[in-house]
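K.L.:
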Amino acid sequence: MQTHLLLREHPRALALRPMMLHEAPSGVLMFEQYTTSLPTTDRAIAKLLPPSEFEDSSWRILNSRPVFGCLGMINLMGECFVAIVTDCVPVGRIRAGEEVYRIQSVSFYSLSSSKYDDLEDPDRYPPYLTNGSTPNTATPSSTPPPGGGDDWEQPSAIQHPCAQLEKLFAVGNFYFTPDFDLTKTVQARTSDASLGIHAFDDHFLWNKFLISGLLDFRAKLDRKKQMDLDRGGFLVFAIRGYVGVESVVIENEKYDLSVISKLSCKRAGTRFNSRGIDDNGHVANFVETETVLYSDRICYAFTQIRGSVPVFWEQQGIVNHKIQISRGSGATQPAVKRHFNELIDRYHSVCAINLLSERENSGESMLGSTYGSAVSQLNMPQAKVKMINFDLHAECRGGNYDNVSLLLNNARHYLDDHGYFLMDTTDNHIICTQSGVFRTNCMDCLDRTNLVQNEISRMALQGYLDNRFSRHWNALESLKSRHSHLFAENGDGLSRIYAGTGALKSAFTRTGKVTFMNVLSDATRSANRFFINNFQDKAKQEVIDQLLGKLVGQQEILIHDPISDSVSKLMVKRLKEYSTRRKVSIFCGTYNLNGKSFKGESLDPWLLQHSQWDGEEPDIYAVGFQEIVELSPQQVMTTDAEKRKVWEQEIETTLNSNSRAKSKYVLLRSNQLVGAALIIFAKADIVENIRNVESSIKKTGIMGIAGNKGAVAIRMDYGDTSICFLAAHFASGHSNSEDRNQDFHTINQGLRFLRGRTIDSHDNIFWLSDLNYRVSLSNEEARSFAAAGNIDALYQADQLQREMALGNVFQGYEEGPITFLPTYKYDNGRDVYDTSEKQRIPGWTDRILYKGNNLKLLQYARAELYTSDHRPVLALFEVDILTYDHDAKARLHKELYQQSLDHINVNTTPSISMEQQLPPELPRRRTPTPPTSRPTVAAAAAAIPVVDMLIDLSSDQEKPMQPSTDTVKWWENGEPLPRANKGAVRPCNPFREPQGTPLLVGKSNSNNKQPKLGQWMPIQPTSTSTPKRTPSPSSTGTAAVIAPIQIDDDYEHAVLTVDDENNVSNAFGFWNSKQTTAS
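What follows is the structure, given as structure tokens:
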């Protein structure tokens, strides 16, 4: 529905008011910044005001053109911004009454500042002029294009905080509709029709983070105001993907053919930044594609999905993006199981089509075999999960894509089992439903996937057409041609979102053949992808995460509600009712290998030293290595993972071959930065409780370019407790303490995980590293103290403890008491400190430091291994893990909120005596007079509120008034006006008897009768024209306000007259007249 965006300067507020207010008097939605004595930017005030309570003389039109609703609110740079759809275009009709629109532009308006107002609309001009002058030609916006600006002049230094978000919405792949739930398929909408208008599928609702506060605001309104809010079309619910519609006539009957692709926002991102699966079972580039054929008699729909290979894998690097499996099979299985369980819940059964290459020793074949192994380990019935492997590159070598028919022959019987959705639209009778889905993937789930999905969709559609039409008409060929065109456009659209360019192989999808120019075009697109994916996608990924609310510290904007504030405080006090705590043990170890390979030495003295006390096995093993490869000039710029894999195997063998072991350990995650490596193992039975495992690296060698020094980090969430491990290697040299301090600050401030997470944003942090701090003594003194076992004397000269005491490094960290001799430097294979020519001074270079409020150190020691010139160090910790029961938390919150609401209703309902229950005597009036202002606080407090009831006007009337005519009006015949009995109430709406629903009715200042609720229909965001009208009085009602529970006297309303030339109503008339003239 088209609305005007209005602005009130003092106090600043924004409002959305429907253009055609006389046709759909749904009210005005107003936004204000919530102000309090405490600094807060995550709250706002929203009010749904009846038209007569909206004082438009103090408002002006902010946007020169009508807008199309609100996407929600977001907090950036300490300000709250409202996202408004400022332009959209119609795409077409999916079914009768189901129009879809593509978003062209979105503007973000601040609730607290006006400095960004003029940056939003380059074509803005005043909707009304006070000096009678002609508007000047609009000047271009001073805001440079987000993410660049080479082709934009920048006359102003002001950069809009939401410029990147505006650019993202302006790309043209966001869609919405005011008519139906676009997040669901036709079959799901038909089946879930009883769930309500806002039962969205949050997999595909891209502005959920922005609009969640407004949805919560809506849920707390009474039913009538919810209908007013919906009728006004104020809230916009957007998907991202592709929607295309084509029309064709078959046997004199018009058919609308649609392709709707919805990209999931659960693991959204760009090509090399979002791969594989996450711990919640969500995969990258997951798209649900639906083909719909609609006419006035039938509705056909067929759904299929695509998604990244559902295992943990990634591609790092710039030139050579080598595929790496980032998690062991044991730790991968819980996520794979979650993924397929969700697919089965949604689609009943799944046939997975894997198009990866099977070429020997290739990255794709390794990934494909890992995928196949994970699916086989699910042990699910064949009827639920099937898998077809088809090497499309090999089978269709040389552009011979007709060989895709080989795949279709294998999939045909699965298609027959899955079926399709079909409904008779004349009586909405469902003839059949789809009971399974094809899940197609290749490497990127773009080019090969789209080609195959087009063929599968065409095969399904062909099956339906063969059943419906007795012979093939020319129109059917036209329909198939339009189908191919839509899928080619679909492939291009999805490819631009994920990879930055149109799809490869789209020429065959579009025309069924490949030419030399098509091959040349694909080569050009591949080159463009290389540049975009390597040099632009990282910034784009951050914008996507910002839109979805996934950046660290992001909080959704809540609509201020005093009850919720009090409930939140109660929830904190009752934390134990929806949370559990458990103790887990964590083993941390660090070992500088000096470039030496594994030589068969037992790792038991290091990894199993704790078992000598018959203690519990650690739940997690975190093992850090330094110099896992020799730091030669050839190695410092690249990473060789082969030696790391050898040590992973040896650690797993040691842990799982322990005779006292009660649990099996699985590789959770590992990563490597040249010589620094970090390996995490966890008990198999706790892996399901660990989520969001990520890894990151930070180089500090040779001006931050080389990886001979630096850190590798792995973070995770165990329950609702975050943990970060780091294996670092600081600068060497006996006297280089300042360089080592700088290394710490570079890593601590510069190392970033996904979505802006830092090291310090975790609950528990462990550094298991070669920090290279030495002992500031002469060689003779140090060796003498070491030989005598005088650890205290050595420790007094330790550089690390001195720097920590001075506050120069590792602020807030602790280290266990050192009770062991220095770990560096020994002769290889001997218990003798360095006897080489350099005669290194003994020191504790290998350290384990930690920080956390719920950490307890159990053991800190060294182990006697002789592979290297260092001795490994180990530490054992007990960690308190907090886990929330989110269902219990939601139930408790709902219960406390309802209790608080009931308490307020009881306390605010006055007791009524018998005298007060008598019908009051009302003054007799000849003609009702509209009030000149809102009731005062005192007057309102003195009135007896009537909640959820309607005043019965019939109790004092013996017979109804005779209807009036043009010449006879009953209110002018001298008879007294009817008296209202405020003491008599009716528990239902008299206009909707006998099924009337109780409604909240406010104080009425007009005798205009309200129209019935069922007669208003949503107005589409299309061009409208209406003659200029004179404003007339309209009914008033209680504002739907989630705000402090008191009458607000800040906004006194003046009498609105038709002589007000500068009010918003006249501006509406100006715009509507302009529309009429233009048409």
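If you want this note's numbering, it's the 1-based position in the sequence shown plus 4. Yeah, the Cβ is synthetic: ideal placement off N, Cα and C, and Gly gets one too.
Please classify C436 as buried or exposed, where buried requires at least 16 neighbouring CB atoms within 10 angstroms.
P.N.:
It is exposed - the Cβ of C436 has fewer than 16 other Cβ atoms within 10 Å.
K.L.:
Assuming the contact rule is C-beta atoms closer than 8 angstroms, A100 and A335 should be a hit. Round their C-beta distance to whole Å, please.
P.N.:
Their Cβ separation, rounded to whole angstroms, is 50 angstroms, which puts A100 and A335 out of contact at 8 angstroms.
K.L.:
For the beta strand (DSSP E) containing V670, name the first residue and the last one.
P.N.:
Note, V670: beta strand (DSSP E), 669-677.
K.L.:
Give me whichever residues DSSP pairs with Q863 in a beta bridge.
P.N.:
Q863 is bridged to L880.
K.L.:
Inspect the beta-carbon positions of F734 and I718 and report whether they are closer than 7 angstroms.
P.N.:
Against a cut-off of 7 angstroms, the Cβ pair of I718 and F734 comes out as no contact.
K.L.:
For F491 and L9, what's the separation of their Cα atoms in angstroms?
P.N.:
In a straight line, the C-alpha of F491 is about 37 angstroms away from that of L9.
K.L.:
What are the start and end residues of the beta strand (DSSP E) that includes R844?
P.N.:
Neither: R844 is in no beta strand (DSSP E) and is coded neither H nor E.
K.L.:
Is DSSP giving F394 helix, strand or coil here?
P.N.:
Here F394 sits in coil by DSSP.
K.L.:
Under the three-state reduction of DSSP, which class applies to A543: helix, strand or coil?
P.N.:
It is helical.
K.L.:
Where do the ends of the beta strand (DSSP E) carrying T429 lie?
P.N.:
No beta strand (DSSP E) contains T429, which DSSP labels as neither H nor E.
K.L.:
Quick check: what's the CA-CA separation for E170 versus G73?
P.N.:
So the two alpha carbons sit approximately 15 angstroms from each other.
K.L.:
Hey, would you say A3 sits closer than 7 angstroms to K702, going by beta carbons?
P.N.:
As displayed, the chain neither begins before 5 nor continues past 1083, which places residue 3 out of reach and without an answer.
K.L.:
Mapping the DSSP letters down to three states, classify V175 as helix, strand or coil.
P.N.:
Residue state, collapsed to three classes: coil.
K.L.:
DSSP three-state label for L9, please.
P.N.:
Strand at L9.
K.L.:
Would you decide whether T528 is buried or exposed? Buried here means 16 or more other CB atoms lie within 10 Å of its CB.
P.N.:
When all chains shown are included, T528 counts as exposed.
K.L.:
What number of angstroms, rounded off, separates the C-alpha of P139 from the C-alpha of L66?
P.N.:
Because the pLDDT of P139 is 34, which lies under 50, any placement of that residue in the model is unreliable, and the number read from its coordinates should be weighed accordingly. Cα to Cα, the separation comes out at about 15 angstroms.
K.L.:
Which of helix, strand or coil does DSSP assign to L896?
P.N.:
Reduced to three states, the DSSP call for L896 is helix.
K.L.:
Per DSSP, what are the beta-bridge partners of N768 in this structure?
P.N.:
In DSSP, N768 forms a bridge with I727, G856.
K.L.:
Taking a contact to mean a Cβ-Cβ separation below 7 angstroms, would you say W317 touches G367 in this structure?
P.N.:
Result no, Cβ atoms of W317 and G367 do not sit closer than 7 angstroms.
K.L.:
Looking only at its own chain, which residues have a Cβ that is under 8 angstroms from the Cβ of V291, when we skip the five neighbours before and after it?
P.N.:
Same-chain partners within the cutoff: G245, S265, K266, L267, S268, I309, R310, G311, C449, L498.
K.L.:
Can you tell me whether T147 is helix, strand or coil according to DSSP?
P.N.:
Note that T147 has pLDDT 37, beneath the 50 cutoff, so the model's placement of it is unreliable and the number below is only indicative. Of the three classes helix, strand and coil, the one that applies to T147 here is coil, per DSSP.
K.L.:
In whole angstroms, what separates the C-alpha of V588 from that of V691?
P.N.:
So the two alpha carbons sit approximately 13 angstroms from each other.
K.L.:
Taking DSSP as the reference, what is the three-state secondary structure of G705?
P.N.:
Three-state result, G705: strand.
K.L.:
By Cβ distance below 6 angstroms, which residues in the same chain neighbour Y424 in space, the five residues on each side in sequence not counted?
P.N.:
These residues qualify, in order along the chain: F306, Q438, A464.
K.L.:
Beta strand (DSSP E) containing A19: first to last residue?
P.N.:
Taken as a continuous stretch (DSSP letters only), the beta strand (DSSP E) holding A19 covers 17-22.
K.L.:
According to the neighbour-count rule (16 or more other Cβ atoms, all chains shown, within 10 Å of its Cβ), is M720 buried or exposed?
P.N.:
Flag for M720 reads buried.
K.L.:
Going by alpha carbons, who is nearest to T762 out of R664, A356, N752?
P.N.:
Cα-wise, what sits closest to T762 is N752.
K.L.:
Tell me which residues share the same chain as P876 and place their Cβ nearer than 8 angstroms to its Cβ, disregarding the 5 neighbours each side in the sequence.
P.N.:
Closer than 8 angstroms at Cβ, skipping near neighbours: G593, T594, Y595, W610, T827, D850, R866, A867, L869.
K.L.:
Rounded to whole angstroms, what is the Cα-Cα separation between D906 and E698?
P.N.:
Between D906 and E698, the C-alpha separation is close to 45 angstroms.
K.L.:
Assuming R648 and S674 make a contact with CB atoms under 8 angstroms, what is their CB distance in whole Å?
P.N.:
With a Cβ gap of about 7 angstroms, R648 and S674 count as contacting.
K.L.:
Near I684, which residues of its chain fall below 6 angstroms by C-beta distance, leaving aside the five closest residues on each side in sequence?
P.N.:
The residues are A626, L672, R673, I718.
K.L.:
Pull up the distance between the alpha-carbon of R227 and that of N79, whole angstroms please.
P.N.:
Distance between the alpha carbons of R227 and N79 is about 29 angstroms.
K.L.:
If you compare alpha carbons, which of R664, L597, K668, T657 is closest to V633?
P.N.:
Cα-wise, what sits closest to V633 is L597.
K.L.:
Using a 10 Å radius around the Cβ and a threshold of 16 neighbouring Cβ atoms, would you call Q653 buried or exposed?
P.N.:
Its Cβ having fewer than 16 others within 10 Å, Q653 is exposed.
K.L.:
Which of helix, strand or coil does DSSP assign to E819?
P.N.:
E819 falls in the strand class under three-state DSSP.
K.L.:
Helix, strand or coil for K577 per DSSP?
P.N.:
K577 falls in the helix class under three-state DSSP.
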